[in-house]
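K.L.:
Add 4 to the 1-based position in the sequence shown for this note's numbering, that's all there is to it.
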Amino acid sequence: MKGINVLKIRTRASRNTELQLRNKYLEPPEISGLKKKDLISLCDSNVIPRVYRGYYARLEAADSYGADR
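(1) Are the CB atoms of Cys47 and Arg57 within a distance shorter than 7 Å?
(2) Put Ala61 into one of helix, strand or coil per three-state DSSP.
(3) Rounded to the nearest angstrom, how far is the Cβ of Tyr59 from that of Lys40, given a contact under 8 Å?
(4) Whole angstroms are fine: how far does the CA of Glu31 sit from the CA of Ala66?
(5) Taking 7 Å as the limit between beta carbons, can you name the residues of its chain near Ser49, skipping five residues before and five after?
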């Protein structure tokens, strides 16, 4: 994930500003096994679009419950 901090500052300089994204995390975020299981279940039922299932499946789980699903 990447994040950006945008501050609105009034200047007389050019309005074109180049923004650079920096990595938000040095490592992928870790979630609980239950949360991972719930997120994958929501993807399977199409509440969350299925395109995101792979992302949630690759997240590390803090405990082993639901991690092998």
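Note that beta-carbon positions come from the ideal geometry of N, C-alpha and C, so glycine has one too.
P.N.:
On the basis of the data shown:
(1) Position 53 of the sequence shown, counted from the start, is the residue given in the question as residue 57. Position 43 of the sequence shown, counted from the start, is the residue given in the question as residue 47. In contact: Arg57 and Cys47 (Cβ atoms closer than 7 Å).
(2) Counted from its first residue, the sequence shown places residue 61 at position 57. Helix.
(3) As a working note, residue 59 is residue 55 in the sequence shown. As a working note, residue 40 is residue 36 in the sequence shown. Your pair Tyr59 and Lys40 does not check out as a contact, with CB atoms roughly 11 Å apart and the cut at 8 Å.
(4) Reading the sequence shown from its first residue, position 62 is the one you call residue 66. Reading the sequence shown from its first residue, position 27 is the one you call residue 31. Whole-angstrom Cα-Cα distance: 14 Å.
(5) What you label residue 49 is simply residue 45 of the sequence shown in a count that begins at 1. Nothing listed; no residue qualifies.
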